[in-house]
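Novice: Numbering (our numbering), first residue to last: 26 to 456.
In this text, a Cβ means the ideal position worked out from N, Cα and C, and glycines have one as well.
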C-alpha cells in the first residue's frame, strides 16, 4: 500500500503542471469551452489513476519477466541464440505497440494510401528486431556503445541523403513511437538481465542502459529505407481533424474504452505468449512468483487502459484544439515559448520516462536522482518542441538544420563522458 501511495504522489506531482498550464490557457488565450474543459479534467483523473496502477504493474510483472529472460539469454553465450532472441522478442513487442499503429495510420493518411499501415508496422518492427539483436550482442561481447552508435548514425546520415524530405520527419517520429509504454519497460528489463551476469559491477551498470537507444535507430533506418524505395514523390493526403463537437463527458470516454481495451490487450499479448513459452521450457518461476507475475500483468493492463483512455479521450483532442488556436496568433515568440512550456511539462506524464528513471536510480543506488533526470529530460524536450515550432514557422529552416548538429554533438560527447551516462542518454532519446 505504501508503494502504491508513493507512486500516486509522484504521478500527481508530475501531471499537475500540464493540468495547471492548460487551465491557464483555457481562461486566457485559448478558451476551450466548458464541455471540453470538463472532459480534459476527467481525462486527467483517468491518467493519474492509470499511470499509478501501470507503474506498479511494471514493477511486479513486466520487469521480473524481462530480467529473468535476459539473464537466461546471456547464459547461453551463443551468438546465434542472441541474434534469434533479439529478432523474436524485438519483432513481437514492436508489432503490437499501440503508438506504432497510430503513427502508421497517420503515414497511410498523409501518403494517401501509397504506404499502407501494416507495411509500416512490419517494416519498423523488423528494423527494431534487427537492432535489438545487435544490442544483445553488444552487451555480451563488450562492444562499446559509443562505437556502435557512431556506426549506426553514420548509416542514418548516409540514408538521410537519399531519403525524400517528406519521409525525413516521419522517420524520426516513428523511431519514438515504437518505444512506448510496453516496449520500453520490457527492453530495459531485458538489458538489465543480460548485463547483470557480468562480474564487473561497473560495466554491468553501464550496460544496463543503451538497448532502447540502439533499438530506436533500427526503426529510424527502416522508415528511411521504406521512403527511399517508395514511389511517393509528394504527400497528397492529410490527417483527419479531431472531432470536438461531442458534448458528452463520461459517454465519450466509455465509447473509446472497448477499442482501447483491445489495443492494450494486443500490446501485452506478445509479452505474455513469450513468457508462457519461456516458463514452460525453463520453469524458472515458482508458483508464488507466477502469481506475482500474473498480478503485475493485470495491473499493467488496467493501468494502460485507464491511461490510454484519458489520453485518447481528452489529451489528443485538447492538444489538437490548442494547437490550432495557437496557430492563429501572429506572435511567433509567444508560440515558441508556449511550445517550450508544453514540451517541458508533457514529458513529466510519459509512462516510459518513469520506468527509465526508476531503473537509473536503482542501478546507481540512488547516486543519480530520478527527479534530476526527469528535469533534464523535460528541459531537453521543451527545447526540442520550441525548435520544432521554429521549423514550422520558418519555411527556410529545415528539420535537419537542428537534427544533424544535435546528433553530431551527441556522438562526439559520447567519447568524453562516463559510459553509464552514454547509455542513459541514448535510452532517454528513445523514450
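If we count the other Cβ atoms within 10 Å of its Cβ and call it buried at 16 or more, is residue 335 buried or exposed?
Specialist: buried
Novice: Would you report the Cα separation of residue 229 and residue 221, rounded to the nearest angstrom?
Specialist: 6 Å
Novice: Taking C-alpha atoms, which residue in 73, 51 and 74 lies nearest to residue 63?
Specialist: 51
Novice: Determine the DSSP secondary structure at residue 381, reduced to helix, strand or coil.
Specialist: Note: residue 381 maps to helix in three-state DSSP.
Novice: In this structure, how does DSSP classify residue 392 when only helix, strand and coil are distinguished?
Specialist: coil
Novice: Please report the straight-line C-alpha distance between residue 214 and residue 111, rounded to a whole angstrom.
Specialist: Each residue's Cα considered, the two are about 13 Å apart.
Novice: From which residue to which residue does the alpha helix (DSSP H) around residue 38 run?
Specialist: 27 to 51
Novice: So, under 8 Å CB-CB, residue 400 and residue 364 are touching, yes? Tell me the CB distance rounded to an integer number of Å.
Specialist: Wrong, their Cβ atoms sit about 18 Å apart, outside the cutoff.
Novice: Please report how far the alpha carbon of residue 445 lies from the alpha carbon of residue 407, in whole angstroms.
Specialist: 24 Å
Novice: Whole angstroms is fine: what's the gap from residue 143's alpha carbon to residue 320's?
Specialist: 32 Å
Novice: Do you know whose CA, among 212, 255 and 326, lies nearest residue 456's CA?
Specialist: When only C-alpha atoms are compared, the closest one is 212.
Novice: In terms of alpha-carbon separation, which member of 372, 235, 434 and 440 lies closest to residue 450?
Specialist: 235
Novice: Leaving out five residues before and five after residue 116 in sequence, what residues of the same chain have Cβ atoms less than 8 Å from its Cβ?
Specialist: Within the same chain, residue 116 has close Cβ partners 150, 151, 153 and 154.
Novice: In or out: residue 357 buried (at least 16 other Cβ within 10 Å) or exposed?
Specialist: exposed
Novice: Assign residue 196 to one of three DSSP states: helix, strand, or coil.
Specialist: Here residue 196 sits in helix by DSSP.
Novice: Helix, strand or coil for residue 441? Go by DSSP, reduced to three states.
Specialist: It is coil, neither helix nor strand.
Novice: Do the CB positions of residue 145 and residue 200 come within less than 9 Å of each other?
Specialist: In this structure, residue 200 does not lie closer than 9 Å to residue 145 by Cβ.
Novice: Can you give the Cα-Cα distance for residue 298 and residue 241, rounded to whole angstroms?
Specialist: 23 Å
Novice: Just checking, does the region 322 to 339 make contact with the region 68 to 85 on the three C-beta pairs under 8 Å criterion?
Specialist: yes
Novice: Quick check on residue 140: does DSSP put it in helix, strand or coil?
Specialist: coil
Novice: Three-state secondary structure (DSSP) at residue 274?
Specialist: coil
Novice: Work out the CA separation of residue 246 and residue 181 for me, nearest whole Å.
Specialist: 6 Å
Novice: If contacts are defined as beta-carbon pairs under 8 Å, then residue 71 and residue 331 qualify, I think. What distance do you get, rounded to the angstrom?
Specialist: 5 Å
Novice: With DSSP as the reference, label residue 210 as helix, strand or coil.
Specialist: helix
Novice: Can you check whether the C-beta of residue 54 is within less than 9 Å of a C-beta belonging to chain B?
Specialist: In the structure shown, chain B does not exist; there is a single protein chain.
Novice: Out of curiosity, what's the CA-to-CA distance linking residue 107 and residue 295?
Specialist: 18 Å
Novice: Counting only runs that start and end within the region 98 to 142, where is the beta strand (DSSP E) found for 3 or more residues in a row?
Specialist: none
Novice: Tell me which same chain residues have a C-beta within less than 6 Å of the C-beta of residue 384, skipping the five on either side of it?
Specialist: 213
Novice: Looking at the structure shown, is residue 55 part of a helix, part of a strand, or coil, going by DSSP?
Specialist: Under the three-state reduction of DSSP output, residue 55 falls in the coil class, being neither helix nor strand.
Novice: Cutting at 6 Å between CB atoms, please list the residues of its own chain near residue 92, excluding the five before and the five after it.
Specialist: Cβ-Cβ distances below 6 Å link residue 92 to 214, 217 and 218 in the same chain, with the five nearest sequence neighbours on each side left out; the list follows chain order.
Novice: Would you call the CB atoms of residue 249 and residue 140 closer than 9 Å?
Specialist: Taking 9 Å as the cut-off, the beta carbon of residue 249 is found no closer than this to the beta carbon of residue 140.
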